[in-house]
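See structure below.
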Amino acid sequence: MTTPIIARFAVRTLGRNVRRTLLSVVGIGIGVAIAVFMTAFMRGSTQMRVRAIAESGFGHVKVVPADWDRSRDNDLRLTDWEVELAAVRATDGVKTAAPHARSTALLGFGTRVVGVEMLGVDPDAEIETSRLARAVVEGRYLEDGDRDVAVVGRTITDRLEVELDDDLLLTVVSKGGEMEYAMLRIVGIIKTGSRDMDASICHVMLEDVERLTGREGAGEISVTLDDPLRMDAAVSRLRAVVSPEDDVLTWMVVVPAQGGDYQSDKGFMNILAGTVLVVVILGIAGAQLTAVLERRREFAVLIALGMKASQVVRLILLEAVAMAVMGAAVGLLLAWFPLHQTATKGIDFSTMMGGDLAMSGVLFDPIMYSVPGLWVLPYALTVAFVSTLIAAVYPAVFALRTDPTSALSLREA
Amino acid sequence: MRGLDLEIHKGDFLAIVGPSGSGKTTLLNLIGALDTVTGGKVEVFGQDLSGMSRRERAELRLRSLGFVFQAYNLVPVLTALENVEFVLELRGEDGGRGATAMSVLEDLGLGELADRRPNEMSGGQQQRVAVARAVAAKPRLVLADEPTANLDSENGELLLKMMRQLRDEHDMTFVFSTHDPLVVSYASRVVTLRDGKIVSDIRKGSGSEAPGDATEAN
Chain Z
1 MTTPIIARFA VRTLGRNVRR TLLSVVGIGI GVAIAVFMTA FMRGSTQMRV RAIAESGFGH
61 VKVVPADWDR SRDNDLRLTD WEVELAAVRA TDGVKTAAPH ARSTALLGFG TRVVGVEMLG
121 VDPDAEIETS RLARAVVEGR YLEDGDRDVA VVGRTITDRL EVELDDDLLL TVVSKGGEME
181 YAMLRIVGII KTGSRDMDAS ICHVMLEDVE RLTGREGAGE ISVTLDDPLR MDAAVSRLRA
241 VVSPEDDVLT WMVVVPAQGG DYQSDKGFMN ILAGTVLVVV ILGIAGAQLT AVLERRREFA
301 VLIALGMKAS QVVRLILLEA VAMAVMGAAV GLLLAWFPLH QTATKGIDFS TMMGGDLAMS
361 GVLFDPIMYS VPGLWVLPYA LTVAFVSTLI AAVYPAVFAL RTDPTSALSL REA
Chain X
1001 MRGLDLEIHK GDFLAIVGPS GSGKTTLLNL IGALDTVTGG KVEVFGQDLS GMSRRERAEL
1061 RLRSLGFVFQ AYNLVPVLTA LENVEFVLEL RGEDGGRGAT AMSVLEDLGL GELADRRPNE
1121 MSGGQQQRVA VARAVAAKPR LVLADEPTAN LDSENGELLL KMMRQLRDEH DMTFVFSTHD
1181 PLVVSYASRV VTLRDGKIVS DIRKGSGSEA PGDATEAN
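Protein chains in written order, with this note's numbering: chain Z, 1 to 413; chain X, 1001 to 1218.
Here it is in structure tokens:
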């Protein structure tokens, strides 16, 4: 099968003004490269954010009492947490599930006192789920069978001027409204890299929280998933297995500050990419319009010969498509180096974040990586095609308006 | 055009002459469905052009009319063969377009130019390829605007002989706007315009005013 003449016409037209074509192709390429890089980096940023949130104790999703989202009351407890925990762990797509019981408490040593959110945990499940449990720098993490022991953050030990094996006085308000006291031995110290975060970490055994507060059971189950991108499907499956009086919430609901940041980051990146593409589209439209203006007599002749409006548009769009293919290739070439660098070495944000890698109780990774993949090929082509075709619309309309009578004279078209 | 009344016959080899500004090109534009009248009527093959949409006029040009331009106006990025084949492609013809185009070029003695682009051909060669393009789809009427204006007399004569041969062999009608005495000498009929009016209409050989039935401009 031979190539239609109109296609040969379109492709060869690009060679008539090589400099203009090259500039247009480079313009498309820059737009494509920026869009590809930003999208790959946004993907990496999103994956890192979701992983950080999940591993900071929030999970990808969380099973909580139905009223929890409205009241955010940590004294609420799940209906039948052990049954629900077993059901959650048996649910398709669940990677880990860790029960928690939270309570506000005071830790004292001598005349020094700090306020903390005491977190009752199942040690084995917590080590699987939480990066905080894996950040013990002195001593050890909690173990099955432990009682009246705690693992606390480095900032707490600094403020209370205590060290490993010291006994802290814990004060909590019980279910009946009475003050309860206990001595907790420090068996481990956690250092996350964030002083703020380390100031609030106090992990104890779940059973200790039950005993001291008089509230039985767990108040939440933090769940990590095999595929966080399929979170909505997982939520549906989990809702089917938990008690009707409990609910399953995604991290965006559980940590609304991070959900908002995620949405605004995504929106900002989209606006930035959109702005770049608009500039590129305007540039290409200008170049194509100039090309059409230079070829008005040619269009007049073609229309005089009987070329229909649809065929004129097809010719200009084919020229745009040929340019888009070259632009996509140039874009991928331009994007390759920054993508390779950021995918393998990443960008270290620790200096920019002033050494504090925690926000809204989430411990972030200091280095952010881009996540390129085979998706960049269709993505680059799509960006190039869409921007170039949009840019070709006005020049095509302009060409259609060419007066064919100018073909029969030497007057300007 | 003012009070112009002209009928063009099938097989005419008609030259429209007159000074610059007399309306030759305007008349050609009207007959060629490139322009529309503000008053009066133009009929081509019995169809009133004033009632036609832009698309219908394009269809008429594509199916029934051929154009030859003063400045050749071949598509510069296409070869001679592709220029001819392109018109067939615009008509929606499928298989065998290349062979048809090649046969047209060879019939006109232009086979050796098939792979050349316009910038690789002389003016005379380009204009003959332009004629091949105009007649490839076997139009009933060919309109030629000053076709010999940019050619020397030898090439001009070659071109006119080719066109007259096409008229004789394929029963085509040719209408020229021209200043060139050579074209007038080849014409079977000469219409002279001045200030948008016909001042004479001579059919050679008969010396009489020419009646007709193919195309009519009022």
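Every residue gets a Cβ at the ideal spot worked out from N, C-alpha and C, and that includes glycine.
Chain Z residues whose Cβ lies nearer than 8 Å to that of residue i
i               : result
V1087 (chain X) : L305 and G306
G1098 (chain X) : T2
N1073 (chain X) : R297, E298, V301 and A407
R1140 (chain X) : Neighbours of R1140 (chain X) on chain Z: none; closest Cβ ~14 Å, over 8 Å.
R1203 (chain X) : Going along chain Z, no residue has its Cβ under 8 Å from R1203 (chain X), so there is no contact; the nearest lies around 25 Å.
G1055 (chain X) : The question names Gly, but residue 1055 (chain X) in the sequence shown is Arg. Here the neighbours are K308 and A309.
Exposure label - residue i; buried when at least 16 CB within 10 Å
i               : result
Y1186 (chain X) : buried
A1144 (chain X) : buried
G31 (chain Z)   : buried
Y379 (chain Z)  : buried
R1002 (chain X) : exposed
Q258 (chain Z)  : buried
Q263 (chain Z)  : exposed
T157 (chain Z)  : buried
R297 (chain Z)  : buried
8 Å Cβ cutoff met for residue i and residue j
i               : j               : result
I428 (chain Z)  : V137 (chain Z)  : The question about residue 428 (chain Z) has no answer, for chain Z in this structure spans 1 to 413.
V1190 (chain X) : V1044 (chain X) : no
I201 (chain Z)  : G139 (chain Z)  : no
V1129 (chain X) : L1110 (chain X) : yes
I284 (chain Z)  : G27 (chain Z)   : yes
V121 (chain Z)  : H203 (chain Z)  : yes
L1088 (chain X) : A1101 (chain X) : yes
L1182 (chain X) : K1024 (chain X) : no
T1148 (chain X) : I1008 (chain X) : no
K95 (chain Z)   : L249 (chain Z)  : no
L1078 (chain X) : I5 (chain Z)    : yes
I34 (chain Z)   : A273 (chain Z)  : yes
G93 (chain Z)   : D198 (chain Z)  : no
V255 (chain Z)  : S360 (chain Z)  : yes
D261 (chain Z)  : S45 (chain Z)   : no
Reduced DSSP secondary structure (H/G/I, E/B, other) of residue i
i               : result
H203 (chain Z)  : strand
A1214 (chain X) : The predicted position of A1214 (chain X) is uncertain, since its pLDDT is 44 and thus under 50; a value taken from the coordinates is nonetheless stated next. In the structure shown, A1214 (chain X) sits in coil (DSSP, three-state: anything other than H, G, I, E or B).
A1033 (chain X) : coil
H100 (chain Z)  : strand
T91 (chain Z)   : coil
R131 (chain Z)  : coil
T1173 (chain X) : strand
G120 (chain Z)  : strand
A218 (chain Z)  : coil
S350 (chain Z)  : coil
P378 (chain Z)  : helix
D158 (chain Z)  : helix
D1048 (chain X) : strand
T171 (chain Z)  : strand
Y181 (chain Z)  : strand
L422 (chain Z)  : In the structure as shown, chain Z begins at 1 and stops at 413. Residue 422 (chain Z) is therefore absent and cannot be evaluated.
P1076 (chain X) : coil
S310 (chain Z)  : helix
P366 (chain Z)  : coil
Chain-ordered chain X contacts of residue i [CB-CB under 8 Å]
i              : result
T13 (chain Z)  : V1077
P4 (chain Z)   : E1089
R16 (chain Z)  : P1076 and V1077
R237 (chain Z) : Simply none; closest approach about 55 Å.
Q311 (chain Z) : L1090
Per-residue contacts from residue i into chain Z (C-beta, under 7 Å)
i               : result
R1128 (chain X) : By Cβ distance, chain Z contributes nothing, its closest Cβ being about 17 Å from R1128 (chain X), past 7 Å.
Residue i: contacting residues in chain X (beta-carbon distance under 7 Å)
i             : result
R19 (chain Z) : Within 7 Å Cβ-Cβ: nothing; R19 (chain Z) doesn't reach chain X, min ~17 Å.
8 Å Cβ cutoff, residue i in contact with chain A
i            : result
R8 (chain Z) : Of the chains in the structure shown, none is chain A; the protein chains are Z and X.
Chain-ordered chain Z contacts of residue i [CB-CB under 9 Å]
i               : result
E1082 (chain X) : I5, R8 and F9
- Query: Given a limit of 8 Å on CB to CB distance, which residues of the region 1032-1045 of chain X reach chain Z?
  - Reply: G1032, L1034 and D1035
- Could you please tell me which residues of the region 284-306 of chain Z, in chain order, have their CB closer than 9 Å to any CB of chain X? R297, E298, A300, V301, L302, I303, A304, L305 and G306
- Residues, ordered as in the chain, of the region 372-402 of chain Z that lie near chain X by beta-carbon distance below 8 Å: none
- Query: According to a CB-to-CB cut-off of less than 9 Å, which residues of the region 1059-1071 of chain X neighbour chain Z?
  - Reply: E1059, L1060, R1061, L1062, R1063, L1065, G1066, F1067, F1069, Q1070 and A1071
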